[in-house]
């Protein structure tokens, strides 16, 4: 971690930018204002965006807009939204291909001026969560809460046990979010929550949420391994139920 992060880094927070721009988003480039430019709309039918199938080599990256409504986004006038947008973009520009995601999270949080971080983690990643909290704890006040907080029996929700002979507590993502709300965290970090549980946590979190670890029990928490591996891609395509 010392490669990129030192204790005496002088961070420039986003506040000066907000003072200048929070009331006016006209300075934002077309990529953010969505100014409409006709030509080669990638949608097959009205109301259906299929950017993943774009045959224009992602021309939006060069300023082209395929979004019919040509809307401006007043949400960027919100101070917090604008700060997050500009800080993330500046870090990308200044440290492109130079930081791990953990380092990026630390730099981002410091530039945003965050002091109190929340971490919602899966019990299956307890060791990793301990190490992450130790690293983050060098720079921030860290509040961590396990997915099994409150120890509620799965049977109360009619959820089947993985192993019938033992007591199993249900995951409690809403409880995690409420605890961190009470702790007044300024950003919450997901570490390996289940698909679905991460949605509930994000839905009920009061602070902005970012994911540090996406759970994948089979591929060492690297979901893209299923795309990079021809074996797994073939197995998924062949074994998954056919759509109706």
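Numbering (this note's numbering), first residue to last: 538 to 781.
Virtual Cβ for every residue (Gly too), placed ideally from N, Cα, C.
Quick one, are the C-beta atoms of residue i and residue j less than 8 Å apart?
{"i": "residue 707", "j": "residue 689", "result": "yes"}
{"i": "residue 700", "j": "residue 730", "result": "no"}
{"i": "residue 734", "j": "residue 760", "result": "no"}
{"i": "residue 727", "j": "residue 657", "result": "yes"}
{"i": "residue 713", "j": "residue 694", "result": "no"}
{"i": "residue 655", "j": "residue 725", "result": "yes"}
{"i": "residue 720", "j": "residue 680", "result": "yes"}
{"i": "residue 750", "j": "residue 628", "result": "no"}
{"i": "residue 773", "j": "residue 757", "result": "no"}
Once you ignore the five residues that flank residue i on each side, which residues in its own chain have a CB closer than 7 Å to its CB?
{"i": "residue 575", "result": "No answer about residue 575 holds up, because its pLDDT of 39 lies below 50 and its placement is not dependable."}
{"i": "residue 698", "result": "691 and 705"}
For residue i, I'd like the list of residues in its chain whose CB is within less than 6 Å of its CB, leaving aside the five on either flank, ordered along the chain.
{"i": "residue 653", "result": "678, 722 and 723"}
{"i": "residue 748", "result": "727"}
{"i": "residue 635", "result": "none"}
{"i": "residue 778", "result": "none"}
{"i": "residue 745", "result": "724"}
Determine the extent of the alpha helix (DSSP H) in which residue i is found, giving its start and end residues.
{"i": "residue 749", "result": "No alpha helix (DSSP H) holds residue 749; the beta strand (DSSP E) holding it covers 746-750."}
{"i": "residue 793", "result": "Here the chain has residues from 538 to 781 only, and residue 793 is not among them."}
{"i": "residue 734", "result": "734-741"}
Which one or two residues does DSSP pair with residue i in a beta bridge?
{"i": "residue 680", "result": "655"}
What is the DSSP secondary structure of residue i, reduced to helix, strand or coil?
{"i": "residue 706", "result": "strand"}
{"i": "residue 595", "result": "coil"}
{"i": "residue 660", "result": "helix"}
{"i": "residue 690", "result": "strand"}
{"i": "residue 632", "result": "helix"}
{"i": "residue 720", "result": "coil"}
{"i": "residue 570", "result": "Summary for residue 570: the model assigns pLDDT 38, below 50, so the residue's position carries little reliability; its value from the coordinates is reported in the next sentence. Three-state DSSP puts residue 570 in a helix."}
I'd like the span of the beta strand (DSSP E) that includes residue i, first residue to last.
{"i": "residue 724", "result": "724-728"}
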